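Chains as they are written, first to last, in full-length UniProt numbering: chain A, 1 to 360; chain B, 1 to 507; chain C, 1 to 364.
This report concerns only the one structure given below.
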Amino acid sequence: MMGKMLLVLLSFVMLTGCGVQDHILEDVLLAEVVGYDTAEADKIKGSTVVSVSQSGEKSSMGKEVYTAVTHTDKNVRQQIESEAPRSLVGGRLSAILYGEKLARKGIYDYVDTYRRDPAVGRDLYLAVVSGKAEDIINVESKMLKTPGVKTEEIIDHNSKTHLPETSLHSFLYYYSGKNMDPVLPLLEVEQNHIKIKGIALFKDDTYIGKYIKYEDGFLFKVLLENFKKGVYEARIKEHSYIAIDNISSRVKYEIKDGNGSPEISIKAKIKGGVLEARNIELKSQSAVTAIEKKSEKTLEKKLDRMVKMFQDNNIDPLALGDRVRSQTRNFDSKHWEDVYRTVPIKVDVDVELVQQGITD
Amino acid sequence: MKFFKSEKKVPPLQHDTSIPYAEVPAKDFEELFKKFKASADFLSFQYPSEAAFTVSYFKSIVGPDQVHQEILPVLTQQHPSTLEEVKNGIPVENIIISNDLKVIQDAVMTGSVIIQINPDNSHCLLVPCASSEKRQISIPETEFSVVGPKEAFVESIETNINLIRKRLPVPELQMKEIKVGRISQTRIAVLYIDGIVDQENVQTVIQRISDIDYDAIVDISFIAQMIADNQNSVFPQFIDTERPDRAASGLSEGKVVIIVDGSPQILTGPTTITNFFTAFDDYFVTWHIASVFRLIRVFAVLFSIMSTAIYVAVTTYHYQSIPADLLPTLIASRGAVPFPPILEALVLEGTIELLREAGARLPTKVGQTIGIVGGIVIGTAAVQAGFVSNVLLMLTALAALASFTTPIYQISNTIRIIRFPFLLSAQLYGLLGVAICAAFFVCHLLKLTSLGRPYLEPIFPLRVKDLKDSFIRLPFSSQTQRPEILRTEYSSRMQPKPKEDSRDIDE
Amino acid sequence: MDNLPKKNRKVSSFFAMFLVHKMQIGVGLLGFERVIAKNAGYDAWVSILITGFCVNIVIWMSFRMLHKDGNDLISIHKHLFGKWVGGGLSLYFIVYFVFLTITILRTYTEVIQIWLFPGINVPVLLIIFGLLVYSCVAGGFRIVAGIAFIGLLIGMPLLLLKYFPLQYANFSNLSPVLDHSVKDLLLSAKAVTLNFLGFELLLMYYPFLDEPRKAEKWAQIGTIFTTAVYLFSAFVSFAYYTQEELAHSIWATLTMWKIVDLPFVERFEYVGVSIWLFEIIPNVCLGVWAASRGVKRLFAVNQRKSLLFLLFIIILSCMLFQTRQGIDQLNTIVSQVGFWTVFIYIPALFVYYMIVDKVRKRSK
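Structure follows, in structure tokens:
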């Protein structure tokens, strides 16, 4: 009995000496968005929006911005701590932004630190900012009317229609995978609002300076994956446009001779409804068929141009190389890299208008 | 490493002769009478005349009507000359003539009248005419149910056995009686249905009860603690109930019932943990409803134990795991609180326990109402004063409410208590601490037995058949077998109906 | 037939399934993908099948020996090699069980260190685990089997969480199928071994199984179940990561829990690592139980004492491994040793046993 008592006593003594570092909810600064920009003399400037709890029963969250200029990313965090009243934690980061200039130098080092940190999630978004990342940070910190992080919400909302999935995970997926290149959303600030400008194109981790316009994001998504939302406006004639509401879009890649002289044909099938048809008759079946044909042509032309642009810049955001690999035994990755620019790629679009709204 | 040993060396029992009670009878008759006469309620008089008979008894436990109408008239009218004649004259059963001091003492103390012929006072005639005060049968209070029988056990062992026999009128319902308690000489009855019950269980119970050595057994809860397999466990190992219907149904399943005189509760065993989530009204409603209620109860108990611990773990260590939409609310409510989450939780849990304890001490059910109202007032004030956060207040109140859903009072006490280790371990290691604490409890529950039967059955050892009446209750038509855990001698409850071929539509 | 356990200490044959399966699913499941994909790339799922099948065969062999002998490995050793050589071989197995346990415990504490509490005091944590394991194992084999069963009950629902990574799955990663040489596949199959280790404990707990002939079927089913779980996990991880990224992910499954986003909990890895305790403790318990039982059988000492002694050694040795590299090395070594023990030694023992059995029968 004495022994047992001793044991209990001993364990209590031990327990007092083994506390772990806590992160009490209101005693930490939760970083929500982090932005990186280049600064003079090879330095980088990091800035972050943190949410600050305000006491009281019905209080909302305040937001503050901290910035620091140093050489490396981890130093940024350290520097910020010097002006922060409480410790800064990254466990609730929802977006990481990179200024255009920095992105053109390559962003992998600034991504890797987040991939390593077990406290950081995997579903946070990465984005390139046209201009400076700091601008978005400043706008973000003023958006207090509704809770939540605007940057994250905007990207999240649009990734159903005009953007491919661009979370940390997909960036790492496309960056680390062979024969594919990542893309990230390109954001800009317009009249104190955060806006998506388009899709920034990357070669490995370096922004090549070109982007797909926001409107054409839909087309890129058509090529990239199967999805079920989004609207695209196709020009039929001079002054007549048709807005196609995507019901379901499916894409198929047909690949021939992966290790020799490959040929790729992309077949996309869009089932859609008509949302808006300015100056267009839609009464007869033949009229609808004509419109389908016309819009197919327009889309194909645009997509051909897009794919050509990818090839010219030697980037592969569609993961064509990977698709070829998955259908080729003993795939020769070197050979593919050599021939990629010249591979004939044919895009075939099939539009089917199945709904014309509740009026005709 | 000596203190790890669990086999204790039991010292040989020494008979303690310093206890002057029942064990050691008086030396002679005079001494015994002297002892009796020391009490003011002991009556001893000569009747009808100086030289005839001496009649003595404790007037507090003897029915005066019986003495006046059945005993005294015999002495005056029939003029008996020997005790034999008196015995034949009095129309009462179980009259004994004895000169054994032990027998005399026991008889007198349980309400017998002593009649002696003067002057020879060595032999005594003992006429049992005890009168005992008992309460009327009332409706069950701790196990109240809206539908179903409204009888509850009372303090008298005869009445209680009567309530059970009434429901199971078969001679197989048998009873063993044991007297326990050096001072209290409490009557304990062990009931079982012969032919169904596993005799091993009966033997275990009787053995354990006979082994009890204690001065006064005042209530059945003494017995429940003394015969428990593991007396250091916070988990009750017998179900105590005040419902005769529950007792009868337990008996018919093959359980053993223990009744203690003077206690309005009875014990049934062996029992498993799932029995504690079984309210007897579950059998009064259809099986779907009963199953849902039982699942709700299980969930409520888990919630009650874990919720504040998880709150402490998450707010102290795992801010990452809070859903994004909940985060602002949580931060805002925590913002004003000056204490770390653990202290906040301890304060609030403490308050609730205080209210509960106070409510239990207040005389009526109104007391509980006042307690709850007090809780709301104190809670609101505490939140407004910034002492605790309102999210936690809500969680704690819900947890308290959830712990009331268990039908058996004993286990709800257990749930009250085991929250605190969870709370402390959450503070220590966050969610990992909660998991470690849970693992310790799982391990303890696995080791626990009730009358030697595994406590966690039917989960472990897994007995799929017994799951039919555990967390869910299947319809009566599938309850064809008695629970396997009870190892009944005759396990089938009814003839299962032959399966009918399902008829086609409109046939 | 020396001191076989009593009837009330045995578990039903059905539990062989849980015991075999539970011991195989452990800390390995959190990050086995990287190791197995090293050689065979994303064809490594074939290697899982190969290893699973081999394990089935080894289990079959073990049961053949055990059925004949009726007791455990130690009595088989004694029967075949006599007191001294047999005892030495049994001692080897005890040391091997201890190392298996150390690997499990140390790897799990590493997960805690990395994912939950970087500053945690490892010795204290290990002592708490030690107390937990002691209180389980001191309850006897039934309690150990019980904790294995409950661990399985609690752990199984975690498989449902694969739904989240499946949303991002890219199954084209897996094709073209069988694009690797047989040698690569076999090398990967060898790497899978560590994850399947633990079933050989049945050589120790065989006498504790009620109706052991029925138990064989359940043990085989348990292994098939394990194969299925690993196969499923590997498929999901392979579809979720590119090969290059997987090569960098030490804890692939844990990392996948990061994207779990339920209405009441985000970032499931914190909950997951905690729940995983229920997967680890049974394994440690079983390992320590088998080792302490072995010591008891071999040296005829009180099992409580041997248990305490072994726990002491295990906790001390766990403290010795401090770095990632050290722990990685430990895993590799145990995997190698386990491979030789399970796939070379046991089949050899089986063949020898059969020969000896035949010869002895004939000489009679």
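Glycine included, every Cβ here is placed at the ideal spot set by N, Cα and C.
Please read all numbers here as calculations on a predicted model, not as lab measurements.
Quick one: using the 10 Å Cβ neighbour count with 16 as the cut-off for buried, is A/K142 buried or exposed? Taking the first sequence and counting its residues from 1, the one referred to as residue 142 of chain A is at position 142. It is exposed - the Cβ of A/K142 has fewer than 16 other Cβ atoms within 10 Å.
Can you list the residues of chain C that B/A397 reaches, using a CB-CB cut of under 8 Å? Here the question's residue 397 of chain B lines up with position 397 in the second sequence. Correct list: empty, because the minimum Cβ distance to chain C is about 19 Å.
How long is the line joining the alpha carbons of B/D467 and C/C136, rounded to whole angstroms? Taking the first residue of the second sequence as position 1, residue 467 of chain B is located at position 467. Taking the first residue of the third sequence as position 1, residue 136 of chain C is located at position 136. Note that residue 467 of chain B is Leu in the sequence shown here, rather than Asp. Roughly 25 Å separates the two Cα atoms.
Does the beta-carbon distance from C/V133 to C/L30 come in below 8 Å? In the third sequence, counting from the first residue as 1, residue 133 of chain C sits at position 133. In the third sequence, counting from the first residue as 1, residue 30 of chain C sits at position 30. Cβ atoms of C/V133 and C/L30: not closer than 8 Å.
Report the residue from C/I25, C/R142 and C/F235 whose alpha carbon sits nearest the alpha carbon of C/K7. Here residue 7 of chain C refers to the residue found at position 7 when the third sequence is read from its first residue. Of C/I25, C/R142 and C/F235, the residue nearest in Cα terms is C/R142.
Boundaries (first-last residue) of the alpha helix (DSSP H) holding A/H193: Against the first sequence, residue 193 of chain A aligns to sequence position 193. Per DSSP, A/H193 belongs to no alpha helix (DSSP H); it is in the beta strand (DSSP E), H193 to K203.
Burial state of A/Y340, where buried means 16 or more other Cβ atoms lie within 10 Å: Walking along the first sequence from the start, residue 340 of chain A turns up at place 340. Burial call: buried.
Element boundaries [beta strand (DSSP E), containing B/L191]: Numbered from 1 along the second sequence, position 191 holds the residue referred to as residue 191 of chain B. Here the beta strand (DSSP E) through B/L191 covers T186 to I193.
B/Q265 and B/D240 closer than 8 Å at C-beta: As a working note, residue 265 of chain B is residue 265 in the second sequence. As a working note, residue 240 of chain B is residue 240 in the second sequence. Yes, they are a contact pair.
Extent of the continuous beta strand (DSSP E) to which B/T268 belongs: In the second sequence, residue 268 of chain B corresponds to position 268, counting from 1. Note, B/T268: beta strand (DSSP E), I266 to G269.
Skipping 5 residues on each side, what residues in its chain have a beta carbon closer than 8 Å to that of C/I281? Your numbering for residue 281 of chain C matches position 281 in the third sequence. Excluding sequence neighbours, C/I281 sits near F129, L132, V133, C136, I147 and G151.
For B/T329 and A/N313, I'd like the C-alpha separation in whole angstroms. By one-based count along the second sequence, residue 329 of chain B stands at place 329. By one-based count along the first sequence, residue 313 of chain A stands at place 313. Their Cα atoms are separated by approximately 48 Å.
For the region 18-39 of chain A, list every residue whose C-beta sits within 9 Å of some C-beta in chain B, in sequence order. C18, G19, V20, Q21, D22, H23, I24, L25, E26, D27, V28 and L30
8 Å Cβ cutoff, B/Q320 in contact with chain A: Your numbering for residue 320 of chain B matches position 320 in the second sequence. Interface residue, yes.
Say whether chain B places a C-beta atom closer than 8 Å to the C-beta of residue 389 of chain A. This structure cannot settle anything about residue 389 of chain A, because the visible part of chain A is limited to 1 through 360.
Hey, is C/R293's beta-carbon within less than 8 Å of any beta-carbon in chain B? As a working note, residue 293 of chain C is residue 293 in the third sequence. Closer than 8 Å: no.
Assess, as a yes-or-no matter, whether the region 295-306 of chain C is touched by the region 328-341 of chain C under the definition of 3 or more beta carbon pairs within less than 8 Å. no
Rank B/L346, B/G111, B/I90 and B/H288 by C-alpha distance to the C-alpha of B/I76 and give the top, closest one. Locating residue 76 of chain B in the second sequence gives position 76, counting from the first residue. Per the sequence presented here, residue 76 of chain B reads as Thr, with Ile not at that position. Comparing Cα positions, the closest option is B/I90.
Ignore the nearest five residues each way along the sequence and tell me which others in A/V351's own chain have a CB closer than 6 Å to its CB. Within the first sequence, numbered from 1, the residue matching residue 351 of chain A stands at position 351. Hits under 6 Å: I270, E292, S295 and E296.
Taking the straight line between their C-alpha atoms, what separation do you get for C/S181 and C/F238? By 1-based counting over the third sequence, the position of residue 181 of chain C is 181. By 1-based counting over the third sequence, the position of residue 238 of chain C is 238. About 19 Å.
The alpha helix (DSSP H) spanning B/Q46 covers which residue range? Translated into positions along the second sequence, residue 46 of chain B becomes position 46. Note, B/Q46: premise wrong, no alpha helix (DSSP H); beta strand (DSSP E) at F42 to Y47.
Sequence-distant residues of the same chain with beta carbon closer than 8 Å to A/D348, five excluded per side: Position 348 of the first sequence, counting from 1, holds the residue named residue 348 of chain A. Once the five neighbours on either side are set aside, the close Cβ partners of A/D348 are S265, I266, K267, A268 and E300.
Checking contacts by CB at 8 Å: is residue 415 of chain A closer than that to chain C? Lying before the first or after the last residue shown, residue 415 of chain A is absent from chain A, which here runs from 1 to 360.
Taking 8 Å as the CB-CB cut-off, is B/T110 touching chain A? Walking along the second sequence from the start, residue 110 of chain B turns up at place 110. No, because no Cβ of chain A sits closer than 8 Å to the Cβ of B/T110.
Pull up the distance between the alpha-carbon of A/A290 and that of A/Q356, whole angstroms please. The sequence position of residue 290 of chain A within the first sequence is 290, counting from 1. The sequence position of residue 356 of chain A within the first sequence is 356, counting from 1. Taking the straight line from one Cα to the other gives about 14 Å.
Comparing alpha-carbon positions, which option in C/H79, C/I127 and C/T227 lies nearest C/I50? Counted from its first residue, the third sequence places residue 50 of chain C at position 50. Checked all of C/H79, C/I127 and C/T227; the closest Cα to C/I50 is C/T227.
Please specify which runs of the alpha helix (DSSP H), each continuous and at least 4 residues long, are wholly inside the region 94-142 of chain B, giving them in chain order. 101-109
Among B/P407, B/T380 and B/M306, which residue has its Cα nearest to the Cα of B/A426? Position 426 of the second sequence, counted from the start, is the residue given in the question as residue 426 of chain B. Ranking B/P407, B/T380 and B/M306 by Cα distance to B/A426 puts B/M306 first.
State the Cα-Cα distance for the pair A/L172 and A/A287, rounded to the nearest angstrom. Counting from 1 along the first sequence, the entry for residue 172 of chain A is found at position 172. Counting from 1 along the first sequence, the entry for residue 287 of chain A is found at position 287. Going from the Cα of A/L172 to the Cα of A/A287 covers about 46 Å.
The beta strand (DSSP E) with B/V234 in it runs from where to where? Reading the second sequence from its first residue, position 234 is the one you call residue 234 of chain B. It is not in any beta strand (DSSP E) - B/V234 carries neither H nor E in the DSSP assignment.
Based on Cα-Cα distance, which residue from B/L302, B/S321 and B/K37 lies nearest to B/T414? Along the second sequence, one-based indexing puts residue 414 of chain B at 414. Answer by Cα proximity: B/L302.
Just the chain C side, please: which residues come within less than 9 Å of A/T342 by C-beta, in chain order? Counted from its first residue, the first sequence places residue 342 of chain A at position 342. Residues of chain C passing the Cβ test: none, with the nearest at roughly 24 Å.
Can you give the Cα-Cα distance for A/N226 and B/I296, rounded to whole angstroms? Here residue 226 of chain A corresponds to residue number 226 of the first sequence, with the count starting at 1. Here residue 296 of chain B corresponds to residue number 296 of the second sequence, with the count starting at 1. Going from the Cα of A/N226 to the Cα of B/I296 covers about 42 Å.
Quick one: what does DSSP say A/D245 is sitting in, helix, strand or coil? Numbered from its first residue, the first sequence carries residue 245 of chain A at position 245. Strand at A/D245.
Measure the alpha-carbon distance for B/A300 versus B/S412 and round it to whole angstroms. Walking along the second sequence from the start, residue 300 of chain B turns up at place 300. Walking along the second sequence from the start, residue 412 of chain B turns up at place 412. B/A300 and B/S412: Cα-Cα distance of roughly 11 Å.
Within the continuous alpha helix (DSSP H) that includes C/L89, where are the two ends? The residue labelled residue 89 of chain C in the question sits at position 89 within the third sequence. That run of the alpha helix (DSSP H) goes L73 to V111.
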